[in-house]
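Numbered by UniProt numbering, the letters in the sequence shown go through residues 1 to 181 in order.
Quick reminder that beta carbons are idealized off the backbone N, C-alpha and C, glycines included.
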Amino acid sequence: MDATSADVDEDIAPVLFRGIGHVANPSNSLVLTVLYASTSAYSANPKTKLASPPSLTGLAISLVSVMQARNNARVLISGSLDMFSNRFLKSGVQKAGSKTSTRELEMSNSSQRQANESSMRWGHLKAVNVKHNKVGEANEPGMYRINDDPEYSVNIYEWSGTSWKPYVADDVQLQFYMMSP
């Protein structure tokens with residue numbers, strides 16, 4: 001994955017998150033943290049009394065991460081289902097101790113919506129009418145051999161937020177793997 005982590009900006013509008021944080025290994029080039037916790041956050045079980053300082057604090061807490069596997073499969077990891085709920089999307093957010101107007105509260109939920117919309121771009125494709133066969137044949141074979149020339153067709157659709165629309169791309173790749181017999 002060719003991506004760099006954005007600088008942490010404490011002045012951006014807050015995002016509502018209720019759930020569990022996780023750790024993303026910074027040495028893994030296939031993992032990228034999309035949303036960090038604030039510098040004053042810590043992760044602990046809220047139902048128990050803290051006997052010692054929590055081991056997971058501040059920017060070490062990943063709230064939303066993405067991962068690209070070696071086979072190019074992509075995964076979004078979030079410890080909060082509520083973050084994607086209509087209730088959280090429509091809520092105004094106010095930082096503790098601030099005197100924010102109603103209009104600013106309405107605008108702050110746009111950061112929540114923006115965070116959700118950017119995460120919704122991952123993995124919302126569907127394949128329809130998948131067909132494959134050897135060149136010159138009509139039926140799908142049970143297996144292919146190394147020297148077989150396959151024909152493959154598929155209709156790919158992308159979720160636009162309201163409906164499925166044809167996916168437009170300059171390059172779609174297909175990869176076949178030979179399984180050991």
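- Counting along the chain, K90 sits inside the alpha helix (DSSP H) bounded by residues 86 to 90.
- Bounds of the beta strand (DSSP E) holding E151 are 150 to 159.
- In this structure, the CA atom of T39 is about 19 Å from the CA atom of S78.
- The three-state reading of DSSP puts A127 in strand, counting E and B together.
- Under the DSSP assignment, T33 falls in the beta strand (DSSP E) whose first and last residues are 31 to 36.
- Under the criterion of beta carbons closer than 8 Å, R74 and V66 qualify as touching, at roughly 7 Å.
- If you check the CB distance, L35 and S62 come in under 9 Å.
- Short of 7 Å from the beta carbon of V128, and not among the five residues preceding or following it, lie these beta carbons of its own chain, in chain order: N155, Y157.
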